[in-house]
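Single-structure report; data block below.
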Amino acid sequence: MGKLTIKYIEHQTDPKNKEYRKPDGEGLFLRIRPNGAKSWLFCFRIGKDRTWRQMTLGSLKDVSLKEAREQLKALKQLVKDGIDPRHARAATKQENIQAVSMQVLFDSWIEYIKIAKEVSTTWIKRHEDRWRLHLKKVLGSILARDITRAHLSSALDAMTRKGIKEETRKALTTLNLMLDYALTRHFIEVNPARMLKPKDFSATAGKPRDRALALPELRKLWIALDQASDLLDKDNSVSKMSVITTSAIKLLILTGARRSEVAGMCWSELNLETKEWILPSERTKNRQGHIIYLSELSIEIIHALKPISGNSAFVFDTGRYSDGGHIHEDSLTGVIARLRGTTKGTKKKSYIDAPLADIKPFTVHDIRRSAATAWGEYLKAEPHVIEKMLNHQPLNKLIATYQRAVYAQEQKNIWERWGSFVDLHIANEYQNVTALREIS
Numbered sequence: 000m001g002k003l004t005i006k007y008i009e010h011q012t013d014p015k016n017k018e019y020r021k022p023d024g025e026g027l028f029l030r031i032r033p034n035g036a037k038s039w040l041f042c043f044r045i046g047k048d049r050t051w052r053q054m055t056l057g058s059l060k061d062v063s064l065k066e067a068r069e070q071l072k073a074l075k076q077l078v079k080d081g082i083d084p085r086h087a088r089a090a091t092k093q094e095n096i097q098a099v100s101m102q103v104l105f106d107s108w109i110e111y112i113k114i115a116k117e118v119s120t121t122w123i124k125r126h127e128d129r130w131r132l133h134l135k136k137v138l139g140s141i142l143a144r145d146i147t148r149a150h151l152s153s154a155l156d157a158m159t160r161k162g163i164k165e166e167t168r169k170a171l172t173t174l175n176l177m178l179d180y181a182l183t184r185h186f187i188e189v190n191p192a193r194m195l196k197p198k199d200f201s202a203t204a205g206k207p208r209d210r211a212l213a214l215p216e217l218r219k220l221w222i223a224l225d226q227a228s229d230l231l232d233k234d235n236s237v238s239k240m241s242v243i244t245t246s247a248i249k250l251l252i253l254t255g256a257r258r259s260e261v262a263g264m265c266w267s268e269l270n271l272e273t274k275e276w277i278l279p280s281e282r283t284k285n286r287q288g289h290i291i292y293l294s295e296l297s298i299e300i301i302h303a304l305k306p307i308s309g310n311s312a313f314v315f316d317t318g319r320y321s322d323g324g325h326i327h328e329d330s331l332t333g334v335i336a337r338l339r340g341t342t343k344g345t346k347k348k349s350y351i352d353a354p355l356a357d358i359k360p361f362t363v364h365d366i367r368r369s370a371a372t373a374w375g376e377y378l379k380a381e382p383h384v385i386e387k388m389l390n391h392q393p394l395n396k397l398i399a400t401y402q403r404a405v406y407a408q409e410q411k412n413i414w415e416r417w418g419s420f421v422d423l424h425i426a427n428e429y430q431n432v433t434a435l436r437e438i439s
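Take the sequence shown: its position 28, counted from the start at 1, is 27 in numbering that gives the first Met the number 0, and no numbers get skipped.
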């Protein structure tokens, strides 16, 4: 039986000028520091040199006398077996660190990415959505150290069966990135995702898209957007498209910006006096700040939204939350689907008789390509100017700096002329193509 008692320990209240120890027996000591703090120590000898070693078992506040004696039994057995209890504790701690679930791992990876600030918030959001919608249910509860190719394949096969090949390919990228993170932090010993390929799930990347809407198609799209907003104004039906989403698509046409950039447009990013939309680096795909010059038509559309979202931080506010929130970029994709009559599920509607049903299929990103194509074809913009307007950065940093300084005026000129062009030939009655090509 140990020498110490609870009553004796409680009476050790007068600290001395130096640390002292009270033995309980068999290597267990109560350590009392000059500031009065009390903790348990286990002192032992192991190995050929028989040098005394010690390890802390915890403070008296966290470990009672009874608990300390129980720990002592297990520690003495380790020493008897020739195992240094300090090493055993470190191994257990490391094992506990490694025993994180895939959900905890994903959260840790995302938190690291946010702190590093090397990618855009949109990039992060897409990985979060992909995990939440397609991977979490199958993989979230599995320990990262136990994850296998079979687990990953099961999740990706389920996505393939849904017919979402592109998302399946991107989901494999998500898994590779988070498991690479786990590998460098010793949560896992090998990344099983690296042994999988998109082709294993019929998810190889498709051919690069080259779809660009012709002017008659852009004109038809604009008319459909106008009609959608008009119908909303008349009966305020929730099944109709809001002026918020239709205006966002019009700005996609006018600016050639990415859908995520337009959807998240903030009033604070706009200088309507200088007609500039200043995109901060955290909102762009390449993490490079970008200035888009706004045409008169763009300004007109934005001004019209002031009564609707002027009190929000976002130009394209959803109106669903008291503290504000912008529309999701996928809602713009949904608008196009509804105008083309291709909305899936129970909410499918013959919306305005599907005004774009006879147009060749196109995506929201194709609108960006359409604007860029028109800048070159009808406004004779130089390729390097178009690249700058799209915020595509040259690999050479010196060239990038030079282009930013030299081509700002050229970009502004193209955006202004494009706004006038859209106003004359897309937002209003379409002119013949031959005449349009003569516009300089």
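Just so it is clear, CB atoms sit at the ideal spot from N, CA and C, and this is done for glycine as well.
Residue i and residue j: beta carbons closer than 8 Å?
i: L132; j: A223; result: no
i: R144; j: I187; result: yes
i: L178; j: T244; result: no
i: L445; j: L3; result: Only positions 0 to 439 of the chain appear in this structure, which leaves residue 445 out of reach.
i: I277; j: N285; result: no
i: G263; j: L389; result: no
i: I5; j: Y19; result: no
i: E415; j: S294; result: yes
i: A154; j: L182; result: no
i: A211; j: C265; result: no
Alpha carbon to alpha carbon, how far is residue i from residue j?
i: G1; j: T50; result: 24 Å
i: M194; j: T203; result: 15 Å
i: V261; j: R168; result: 26 Å
i: R208; j: A98; result: 43 Å
i: S259; j: R160; result: 28 Å
i: E328; j: I335; result: 12 Å
i: A170; j: I123; result: 13 Å
i: A353; j: A115; result: 45 Å
i: P33; j: H10; result: 15 Å
i: R257; j: I385; result: 14 Å
i: E127; j: S38; result: 44 Å
i: F420; j: I358; result: 22 Å
i: H150; j: R125; result: 22 Å
i: P279; j: E268; result: 8 Å
i: E25; j: H86; result: 20 Å
i: W130; j: T173; result: 8 Å
i: P445; j: V314; result: The question about residue 445 has no answer here: the residues shown for the chain are numbered 0 through 439.
i: N427; j: T120; result: 36 Å
i: K274; j: L296; result: 11 Å
i: S100; j: K196; result: 24 Å
i: K387; j: K113; result: 27 Å
i: A380; j: S152; result: 47 Å
i: R68; j: N16; result: 28 Å
i: G35; j: S58; result: 11 Å
i: G309; j: E281; result: 23 Å
i: D316; j: E166; result: 27 Å
i: A370; j: L423; result: 15 Å
For residue i, tell me which candidate among the options has the shortest Cα-Cα distance.
i: G46; options: I82, K75, A370, D61; result: I82
i: E376; options: E328, I112, A213; result: A213
i: D225; options: K249, S308, D209; result: K249
i: S201; options: K359, R68, I163; result: I163
i: I425; options: Y7, L217, G324; result: L217
i: V137; options: S119, M158, P215, S297; result: M158
i: T283; options: E117, W130, K274; result: E117
i: Q53; options: D61, R88, K60, V62; result: R88
i: L77; options: I109, F41, E110; result: F41
i: R339; options: F361, A371, Y7, L151; result: F361
i: L220; options: P382, H185, P191, I252; result: I252
i: P22; options: N16, K60, L71; result: L71
i: R406; options: W417, V62, H383; result: One detail in the question is off: residue 406 reads as Tyr in this sequence, not Arg. Checked all of W417, V62, H383; the closest Cα to Y406 is H383.
i: D199; options: D156, K17, G309, S241; result: D156
i: Y7; options: K17, N16, L29; result: L29
i: L27; options: N16, L74, A36, A380; result: L74
i: L378; options: H391, Q392, G418; result: G418
Under the DSSP definition of a beta bridge, which residues are partnered with residue i?
i: P22; result: F28
i: T55; result: L40
i: F313; result: C265
i: N390; result: According to DSSP, N390 bridges with nothing at all.
i: E275; result: N270, Y292
i: T142; result: Contrary to the premise, residue 142 reads as Leu rather than Thr in this sequence. According to DSSP, which records beta bridges pairwise, L142 is partnered with S100.
i: H325; result: D316
For residue i and chain D, any beta-carbon pair shorter than 8 Å?
i: I335; result: Among the chains in the structure shown there is no chain D, since it carries only a single protein chain.
### Message
Between the region 286-304 and the region 407-427, can you find at least three pairs of beta-carbon atoms closer than 8 Å?
### Response
yes
### Touch test, the region 301-312 against the region 361-380, Cβ-Cβ under 8 Å, three pairs minimum
no
### Message
Taking contact to mean 3 or more Cβ pairs, one atom from each stretch, closer than 8 Å, check whether the region 95-109 and the region 160-180 are in contact.
### Response
yes
### Task
Spell out a yes or no on whether the region 68-86 and the region 37-46 are touching, meaning 3 or more CB-CB pairs, one atom from each, closer than 8 Å.
yes
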